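Okay, so here's the structure we're looking at.
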């Protein structure tokens, strides 16, 4: 189950898993009404582009705005991004289990952005037990852009539509989060309830 954001990296990460012969479904977290429907359409277009490597696939469209609102209201600003990622992983794990997917795939690149430092990846990993594959972890941006152009996803990826990761972003995100601090912050949220509600509210699109 690949997390598909709408950016350049995540479709390329999914491609590398497809290249090895695995079948991939997709999950996208959106922030409607804070983001536009065009953002969701962009993600579906990327999934459609990737379908040429495997055929039919499902895209799970998960509403994430309520979770972001709760994190903004109840948790330290600097930990928002890490908490977003942990909740995404928890939701993705639930969807993966229901769909019989055996691992998650992300487009994370080591130290490319605040959520992708080694410390923050460690804290994110701790949130679930399912394996998380990160095919791009050691790539640089130029390499990823080149591959996205080769596989035909680049032009769609650069369309100027916001995704949920651009909403409610702190001015100074923590780049070396400590697990115990994040767990303390997470205790202020009704995590199980939020995950359950998100999974029950998601839409499932089929790409052929």
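In our numbering, the protein residues as written are 103 to 310.
Backbone N, C-alpha and C define an ideal beta-carbon position, used for all residues, glycine too.
Quick caveat: nothing in here was measured; it's all calculated off a predicted structure.
Taking just the CA atoms, how far does residue j sit from residue i?
i, j, result
"residue 176", "residue 157", "42 angstroms"
"residue 207", "residue 297", "19 angstroms"
"residue 122", "residue 178", "40 angstroms"
"residue 276", "residue 147", "33 angstroms"
"residue 237", "residue 209", "7 angstroms"
"residue 165", "residue 193", "11 angstroms"
"residue 188", "residue 228", "8 angstroms"
"residue 167", "residue 216", "20 angstroms"
"residue 107", "residue 145", "7 angstroms"
"residue 154", "residue 289", "43 angstroms"
"residue 306", "residue 250", "25 angstroms"
"residue 143", "residue 245", "26 angstroms"
Residue i by DSSP, collapsed to three states: which one?
i, result
"residue 191", "helix"
"residue 105", "strand"
"residue 167", "helix"
"residue 131", "strand"
"residue 206", "strand"
"residue 289", "coil"
"residue 155", "helix"
"residue 160", "strand"
"residue 144", "helix"
"residue 252", "helix"
For residue i, count neighbouring C-beta atoms within 10 Å of its own C-beta (all shown protein chains included) and say buried if the count is 16 or more, exposed if not.
i, result
"residue 271", "exposed"
"residue 303", "exposed"
"residue 291", "buried"
"residue 284", "buried"
"residue 116", "buried"
"residue 224", "exposed"
"residue 248", "exposed"
"residue 182", "buried"
If residue i sits next to residue j, beta carbons under 8 angstroms apart, how far is it from one beta carbon to the other, in whole angstroms?
i, j, result
"residue 279", "residue 174", "About 17 angstroms; that fails the 8 angstroms criterion."
"residue 161", "residue 130", "6 angstroms"
"residue 205", "residue 234", "7 angstroms"
"residue 232", "residue 195", "5 angstroms"
Compare the C-beta of residue i with all C-beta atoms of chain C and state if any pair is closer than 8 angstroms.
i, result
"residue 223", "Protein chain content of the structure displayed is limited to a single chain, and chain C is not contained in it."
Those runs of the alpha helix (DSSP H) which lie wholly inside the region 206 to 247 and span at least 4 residues: As far as the region 206 to 247 is concerned, its whole alpha helix (DSSP H) runs of at least 4 residues are 220 to 227.
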